[in-house]
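To keep things clear, I will list the structure first and then write my remarks on it.
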Amino acid sequence: MKIKQFEANTEKEAMLQVKEEFGKEALIVSVKNIKPRGIFKLFKHPCVQVTAALEDKEAAAANEKQIIDKTVLETEEKYDNIYHSKSIENIEDKLNKLEQIIRNGEKDNNLIIEKEQVSEKNIPLINLIYSQLIKNEVNEKVANKIMFGLNESLSKGNIKMNDLVSIIYKRIINELGDIETVDFTGTGPKIITFIGPTGVGKTTTIAKLASYFALNNDKSIGLITADTYRIAAVEQLRTFAKILNIPVEVVYNNEDIKSAIKRFEDKDLIIIDTAGRSHKNSEKLDDMEELLSLIPRNEVYLVLSVTTKYKDLISIAESYMNITDFKVIFTKLDESICVGNILNFRYKLGVKLSYVTFGQNVPDDITEVNPHNIAKSLLGGQG
Numbered sequence: 001m002k003i004k005q006f007e008a009n010t011e012k013e014a015m016l017q018v019k020e021e022f023g024k025e026a027l028i029v030s031v032k033n034i035k036p037r038g039i040f041k042l043f044k045h046p047c048v049q050v051t052a053a054l055e056d057k058e059a060a061a062a063n064e065k066q067i068i069d070k071t072v073l074e075t076e077e078k079y080d081n082i083y084h085s086k087s088i089e090n091i092e093d094k095l096n097k098l099e100q101i102i103r104n105g106e107k108d109n110n111l112i113i114e115k116e117q118v119s120e121k122n123i124p125l126i127n128l129i130y131s132q133l134i135k136n137e138v139n140e141k142v143a144n145k146i147m148f149g150l151n152e153s154l155s156k157g158n159i160k161m162n163d164l165v166s167i168i169y170k171r172i173i174n175e176l177g178d179i180e181t182v183d184f185t186g187t188g189p190k191i192i193t194f195i196g197p198t199g200v201g202k203t204t205t206i207a208k209l210a211s212y213f214a215l216n217n218d219k220s221i222g223l224i225t226a227d228t229y230r231i232a233a234v235e236q237l238r239t240f241a242k243i244l245n246i247p248v249e250v251v252y253n254n255e256d257i258k259s260a261i262k263r264f265e266d267k268d269l270i271i272i273d274t275a276g277r278s279h280k281n282s283e284k285l286d287d288m289e290e291l292l293s294l295i296p297r298n299e300v301y302l303v304l305s306v307t308t309k310y311k312d313l314i315s316i317a318e319s320y321m322n323i324t325d326f327k328v329i330f331t332k333l334d335e336s337i338c339v340g341n342i343l344n345f346r347y348k349l350g351v352k353l354s355y356v357t358f359g360q361n362v363p364d365d366i367t368e369v370n371p372h373n374i375a376k377s378l379l380g381g382q383g
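Read in order, the letters of the sequence shown correspond to residues 1 to 383 in UniProt numbering.
Listed below in structure tokens is the structure:
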């Protein structure tokens with residue numbers, strides 16, 4: 001069967017879209033109101049979202065429509081509190097409760113995957129969640145891993161639909177892994193270096209993180225830029241530094257980096273900006289590797305744009321993995337309504353996630369990666 005979500009300003013307009021594309025044979029799976037909120041801004045304006053299904057007559061048996069009608073009706077009647085906006089508890093509430101359970105370390109036996117049991121009446125929900133993951137650009141291989149075993153467990157017994165959502169939610173959280181951000185433990189100044197291709201917002205991200213730690217954490221900071229290939233990048237960093245009253249050192253060759261770090265040895269945090277490098281230019285990457293080898297106690301962050309194609313993200317990261325270990329910062333979340341590539345990236349390479357940025361405002365538009373927000377967004381909730 002074909003499942004699709006239709007959005008419009010009113011329920012009537014959404015129903016007209018359903019009728020126009022699916023005809024009178026359409027099955028209405030859910031109707032809910034969508035309000036814009038959350039850092040990912042999945043929806044720009046309040047609207048009504050109607051999820052409809054249409055039988056694939058060529059692939060389905062003659063009596064399949066009757067079975068699906070009955071299944072959808074039972075699902076809507078029994079779990080109306082999940083799918084309809086007028087209910088007190090909807091899927092957003094469920095996801096928020098799951099986040100609270102996991103954050104508090106509370107036990108929830110429904111999250112034990114090994115003992116999962118699913119009823120046939122949940123098949124439409126499984127298909128709907130899978131469709132939602134694909135819609136959010138989750139790679140099919142990743143989506144299949146998240147959904148693995150659910151259909152095969154149908155014969156084992158019954159669980160509530162909420163429990164099925166719990167299993168999938170927890171699997172996404174586990175796939176994203178632990179988040180690692182700047183850690184100030186240890187002696188001496190913390191040194192972090194930013195690397196990445198051009199055009200991903202590396203210098204702006206440095207300004208955001210520097211101002212965040214200076215203004216919110218009262219850290220003394222020194223900035224070093226080795227990005228002398230772009231005059232604009234140096235001037236941009238100097239402008240931010242002047243506003244924040246943070247000193248800046250410009251280094252023109254690798255040998256100058258040690259002396260620049262020494263001048264900032266009284267600081268809590270030293271942030272080093274490097275020139276954007278093409279991951280296809282092996283000579284430039286060799287220069288980068290040499291520079292990184294001269295920086296003591298170095299913690300490296302690879303900056304990538306979430307708007308970059310998945311294959312390019314992997315290619316870029318694999319090139320840099322040949323010269324250093326790193327954590328990842330994803331930028332420009334405000335320019336994409338889909339965050340599936342973050343999950344895809346983590347699944348493929350296993351690199352630790354760190355921060356995300358979602359606008360041009362300094363220092364507001366940066367935050368630590370929140371696996372709960374990503375999971376909720378991928379499942380159709382508000383991140």
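Ideal Cβ placement from N, Cα and C applies to all residues, glycine included. Because the structure is a prediction, the values reported are computed rather than measured.
In the DSSP output, what is residue i paired with across the bridge?
i, result
"Leu302", "Ile195 and Val328"
"residue 387", "Because the chain spans 1 through 383 in this model, residue 387 falls outside it and cannot be assessed."
"Thr367", "Val356"
"Leu223", "Val248 and Ile271"
"Lys135", "In the DSSP output, where bridge partners are listed per residue, Lys135 has none listed."
"Ala241", "Ala241 is not bridged to any residue."
"Lys190", "Leu269"
"Ala8", "Val48"
The alpha helix (DSSP H) spanning residue i covers which residue range?
i, result
"residue 398", "Since the first residue shown for the chain is 1 and the last is 383, residue 398 is missing from the structure and cannot be characterised."
"Ser319", "Tyr310 to Met321"
"Val18", "Glu11 to Phe22"
"Lys258", "Ile257 to Arg263"
"Ser293", "Ser282 to Ser293"
"Arg297", "Looking at the DSSP string, Arg297 is not in any alpha helix (DSSP H), and its letter there is neither H nor E."
"Leu349", "Gly340 to Leu349"
"Asn144", "Glu140 to Met147"
If you check the beta carbons only, do residue i and residue j fall under 7 Å apart?
i, j, result
"Cys338", "Asn144", "no"
"Ser319", "Val200", "no"
"Pro363", "Ser166", "no"
"Lys219", "Asp268", "yes"
"Asn344", "Val142", "yes"
"Thr205", "Thr307", "no"
"Val248", "Leu223", "yes"
"Tyr169", "Ala375", "yes"
"Glu325", "Ala275", "With the sequence shown as reference, residue 325 is identified as Asp, and Glu is not the correct amino acid for it. Their beta carbons are not under 7 Å apart, which means Asp325 does not touch Ala275 by this criterion."
"Phe6", "Ala14", "yes"
"Ile329", "Tyr310", "no"
"Ala52", "Val18", "yes"
"Asn254", "Leu291", "yes"
"Val138", "Gly340", "yes"
"Ile221", "Ile191", "no"
"Ile271", "Phe264", "no"
Can you find a CB in chain B that lies within less than 7 Å of the CB of residue i?
i, result
"Asn281", "Considering every chain present, this structure includes no chain B. It has just one protein chain."
Decide if the segment 234-250 is in contact with the segment 180-195; the criterion is three or more beta carbon pairs, one per stretch, under 8 Å apart.
Output reads no: the segment 180-195 does not touch the segment 234-250.
Answer yes if the segment 339-351 comes into contact with the segment 192-203, meaning at least three C-beta pairs across the two stretches below 8 Å, and no otherwise.
Result no; under three Cβ-Cβ pairs closer than 8 Å.
If you pair each beta-carbon of the segment 287-297 with each one of the segment 249-258, do three or more pairs fall below 8 Å?
Yes, they touch.
The segment 176-183 contacting the segment 354-372, beta-carbon criterion three pairs below 8 Å
Because the criterion of three Cβ pairs below 8 Å is met, the segment 176-183 and the segment 354-372 touch.
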